[in-house]
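>
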Amino acid sequence: MPYVVALSGGIASGKSTIANLFAKLGVPVIDADIIARQIVQSGTDAFNLIVKHFSQEILLPNGELDRSQLREIIFNNDHERLWLNSLLHPIIQQETERQIAMQQTCYVLWVVPLLIENNLHYLADRVLMIDSPMELQLKRLIQRDGIDEHLAKKMIRSQVSSSKRLSYADDIINNNGDLVSLTSQVNKLHYQYINNTKHKNGLV
Ligand SMILES: Nc1ncnc2c1ncn2[C@@H]1O[C@H](COP(=O)(O)OP(=O)(O)OP(=O)(O)O)[C@@H](O)[C@H]1O
Ligand SMILES: [Mg+2]
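Residue numbering for the sequence shown follows our numbering, beginning at 4 and increasing consecutively.
(1) Examine ligand 2 and report whether any of its heavy atoms sits within less than 7 Å of the Cβ of S135.
(2) Helix, strand or coil, according to DSSP, for N65 in the structure here?
(3) Using only CA atoms, which one of M132, V43, F78, P116 lies nearest to P93?
(4) Alpha carbon to alpha carbon, what distance is there between E100 and N198?
(5) Please state whether DSSP places D148 in a helix, a strand or coil.
(6) Whose C-beta lies closer than 8 Å to the C-beta of D69 among residues of the same chain, with five residues either side of it excluded?
(7) Between E98, F57, G66, which lies nearest to N80 when the distance is taken from Cα to Cα?
(8) Use the C-beta contact count for M132: other C-beta atoms within 10 angstroms, 16 or more gives buried, fewer gives exposed.
(9) Please look up how many angstroms separate the CB atoms of R84 and I77, rounded, as I've assumed it's under 8 Å.
(10) Could you pull out every residue in the same chain whose Cβ sits closer than 6 Å to the Cβ of D173, ignoring the five residues on either side in sequence?
(11) For M4, which residues in the same chain have their Cβ closer than 6 Å to its Cβ, ignoring the five residues on either side in sequence?
(12) Using only CA atoms, which one of L112, Q41, I14, V8 lies nearest to E120?
(13) Is S71 near ligand 2, judged by its Cβ being under 7 Å from some heavy atom?
(14) If we require 3 or more residues per run, which beta strand (DSSP E) segments fall completely within the segment 13–86?
(15) Give every residue whose Cβ lies closer than 6 Å to any heavy atom of ligand 2, listed in chain order.
(16) Check for me: the alpha helix (DSSP H) holding V189 runs from which residue to which?
Shown next as structure tokens:
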């Protein structure tokens with residue numbers, strides 16, 4: 004099983020940008036958001052159980068799950084939220100482990116936006132957090148998504164605070180500069196992780 008580095012950070016903190024830099028170095032990237040969508044695709048066990056529980060009303064006209072309706076339901080109903088979480092959590096974990104185990108490299112990057120919110124940090128060997136100054140995070144979010152400042156602030160506030168997030172970090176990337184600065188931090192961490200895995204596997 005490869006060594007697992009979990010990459011997390013607030014919304015628009017630079018997770019995708021940084022994951023791409025690791026991918027360029029040949030590191031497999033496992034994306035928690037993609038897995039969360041894959042396991043409820045139409046025809047999967049989770050999909051069938053969700054339709055049975057909420058009825059066909061939970062489907063879009065094209066037969067796919069209406070994820071925004073589902074989000075709305077669980078946002079307003081703790082009982083349904085717990086039901087859905089207890090169904091999905093073990094399936095997500097199993098699929099994540101399956102995708103990680105398939106990789107032939109010594110370590111993988113697991114990108115998990117809600118690592119702390121969903122209490123998933125214990126599944127990683129190492130936690131890499133992005134530290135992005137609030138002002139820059141806000142500016143990048145507004146620019147990328149074309150939204151107003153009020154909504155952007157609300158989105159940032161709905162997540163755990165950056166100090167709480169950073170308290171879980173083994174390593175921190177500062178995304179307060181340009182891409183050159185990010186690339187050099189990623190390169191350093193890459194060699195550190197290769198070394199870490201050698202220690203883990205008793206090779207050094
Ligand atoms: N160092 C940087 N220099 C310039 N632009 C950057 C930098 N880091 C990130 N950005 C830009 O900021 C925006 C947010 O970055 P990115 O999409 O990587 O964040 P994210 O954490 O993946 O966001 P989300 O939480 O929505 O998935 C993007 O438009 C990206 O190009
Ligand atoms: Mg992203």
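Cβ coordinates follow ideal geometry from the N, Cα and C atoms, glycine included.
Bear in mind that the values here come from a model prediction, so they are computed numbers and not experimental data.
From the atom records:
(1) no
(2) coil
(3) V43
(4) 22 Å
(5) helix
(6) I61, L62, L63
(7) F57
(8) buried
(9) 4 Å
(10) R129, V130
(11) A104
(12) I14
(13) no
(14) 32–34
(15) K18, S19
(16) 182–203
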